[in-house]
Amino acid sequence: MKRQIQHVLKMVDGSWLGSSEDLSRMCNGVATDSRQVVPGNLFVPLQGERFDGCQFVPEALAKGAVACLYPKDRPLPPELTPGTALPLILVDDPLTALQRMAACYRRELAVKVVAVTGSNGKTTTKDLVSAVLSQGYKVHKTKGNLNNHIGLPMTLLELQEETEVAVVEMGMNHPGEIALLSRLARPDIGIITNIGDAHLQYLGSREGIAAAKMEIIEGMDAAGVLLVNGDEPLLDKIPYPGSILRFGFRSDNDLYPLFIEREGLRQTRFTTNRTRKMLTVPVIGRHMIMNALAAVLCGLQLGLAEEAIAQGLSSAELSGMRMEVQEGPNGMHILMDAYNASPTSMRAALELLRELDGCSAKVALLGDILELGEQEERLHRQLAEHLSPDWLDALVVYGSRARWIADEALRLGFPGSRVFQFADLGAAVQALRKWAKPGTLLLVKASRGMRMEKIIDMLRGDT
């Protein structure tokens, strides 16, 4: 964002403590971390459980911030002299002001906003949609998965005047959060990837999750378009007055695949009912094709030619730890899918592992799935129904909840000599070393909080 201080004042309905001469100074970019402030920035001090951003206002000013938001009911930091002209914009609450500023800025730009939400696949879908649309538009997308009440406003404020399409990710843990994000971003196109079972601890049921994801329509008007997973019955009835298009594997969807073929461990080819050209996506897994279908349908909706869509998909750079094939020690391959997990995504990962051929050994390292609430034991145990000694050579579990998967697998007849349970990741890695050889494929899947990405360096002996 590039706006004069006097314009920012109107955006946030704030009061200026600085000199009137400074009102014409330009704010060039917004920072919420004083360590990242560069000259010309507007600094927004936020409150956290372990930090108070207001304490860093003097540091931000010393680094060249042209102005800082500041809560009007807080005393000034002792480093600042009361009664002097200070480049501070007084507001009721800096976070609310940040969100308001982002919403105002979005409305000022001639930009189309594509918003992506869903239980699983949000970041991959965002990456694929961005890659496709970049073939015909100047696109800005959410960095990483900065998809919450702070990350989304910051993404909007990063947009340039020349940005034509913004692809933003919307995440949530509780009801009402997607509604807020949608009202800030005002999507022209909304995408719901799926309804899984993540965050059951806070949402209670899949029906509750579906209701929370459908909040994406709160900021959309009737001229918009909603693209949804047409294979999900919970998305059959959405109270949206605009157009709804559906993608999925069923042939009654607006877009569906006619042919799917995996090529090795790194890419998948497919065709659809609305494209003649063979499409290639640099990832494997049937569930990943669903994400690609969303990107194709979005590209078609925004008028891109088949050739552009195909080029965008094939050249997409996907965020890490999402069905990412990495080289392990001694020639083993690691299918790293540990950015996050839900029962739905873990089932999909296990199904992919089952389907993959050309391996001399298949091993699954599964960790805890978090935020499942009272249903966590049942949902972990159900995963064992998707395991079989016919195709899985070893099951290794790590964590107090993942042990339920192992216990249930043993109860269902999985050989005890091929099931290993650990409370310590280092011990799990030691057990895995016996499979570190050519031809072994190791799946790593768990919630983000388990930090399972560490196992690659641990297997290599780097830590």
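For the sequence shown, my numbering begins at 1 and goes up steadily by one.
Glycine is no exception: its CB is placed at the ideal position from the N, C-alpha and C atoms.
As the structure is a computational prediction, the values presented were derived from the model and not from experiment.
Taking 4 residues as the minimum length, the segment 15-55 contains no alpha helix (DSSP H) run wholly inside it. For V12, the enclosing alpha helix (DSSP H) covers residues 5-12.
The shortest CA-to-CA distance from M336 to any of D33, F414, M452 is the one to M452. The beta carbon of V38 is closer than 8 Å to those of G29, A31, K63, G64 in its chain, skipping five residues each way along the sequence. Under the three-state reduction of DSSP output, Y105 falls in the helix class. In this structure, the CA atom of V363 is about 55 Å from the CA atom of V8.
The way I'd put it, the segment 379-399 does touch the segment 349-368; three or more beta-carbon pairs between them come closer than 8 Å. Distance from the Cα of P78 is smallest, within the candidate group C54, S182, A115, L95, for C54.
DSSP places S243 inside the beta strand (DSSP E), whose first and last residues are 243-247. Apart from the 5 residues on each side of it in sequence, R183 sits with its Cβ closer than 6 Å to the Cβ of E218, G219 in its chain, given in chain order. Between the alpha carbons of K237 and L300 lies a distance of about 23 Å.
The alpha-carbon of I456 is positioned some 28 Å away from that of H199. Close CB contacts of N291 within its chain, under the 7 Å cut and outside five residues either way in sequence, are with G121, T124, T125, L128, T193 (chain order). In terms of Cα proximity to I289, the closest of R250, A341, P187 is R250. Within the same chain, A212 come within 6 Å of P175 by CB-CB distance, once the 5 residues on both sides are set aside. For K213, the uninterrupted alpha helix (DSSP H) segment begins and ends at 206-213. One Cα belongs to D424, the other to L412, and the distance between them is close to 25 Å. Non-local beta-carbon contacts of A341 in its own chain, meaning distances under 6 Å to residues more than five positions away in sequence, involve I369, K445, A446, S447 in chain order.
CA-CA distance, Q135 to S20, rounds to 45 Å. Note that the C-beta distance between L387 and F422 is not below 9 Å. In the DSSP assignment, V281 forms a beta bridge with T268.
With contacts defined as CB atoms closer than 9 Å, L353 and W391 qualify as a contacting pair. DSSP, read as helix, strand or coil, puts L356 in coil. Residue burial annotation: M172 is buried, with at least 16 other C-beta atoms found within 10 angstroms of its C-beta. Per DSSP, the continuous beta strand (DSSP E) segment holding E169 begins and ends at 165-169. Between I216 and T117, the C-beta spacing is below 9 Å. DSSP, reduced to helix, strand and coil, places Y202 within a helical segment of the structure shown.
Residue I405 holds the alpha-carbon nearest to the alpha-carbon of L379 among G358, R100, I405. As for any beta strand (DSSP E) of minimum length 3 sitting wholly inside the segment 356-434, the runs are 361-367, 394-398, 419-422, ordered along the chain. When secondary structure is reduced to three states using DSSP, M220 falls in the coil class, being assigned neither helix nor strand. Put simply, the segment 343-352 does not touch the segment 307-320. Fewer than three CB pairs are less than 8 Å apart. According to the DSSP assignment, N291 belongs to the alpha helix (DSSP H) that extends over 286-301.
Annotation for L255: no beta strand (DSSP E) segment contains it, and DSSP assigns it neither H nor E. If you compare the alpha carbons of Y256, L302, V168, E306 with that of R276, the shortest gap goes to E306. For the pair L17 and P75, the CB atoms are not nearer than the 9 Å cut-off. In this chain, L313 is not harboured by any beta strand (DSSP E); it is covered by the alpha helix (DSSP H) spanning 306-314.
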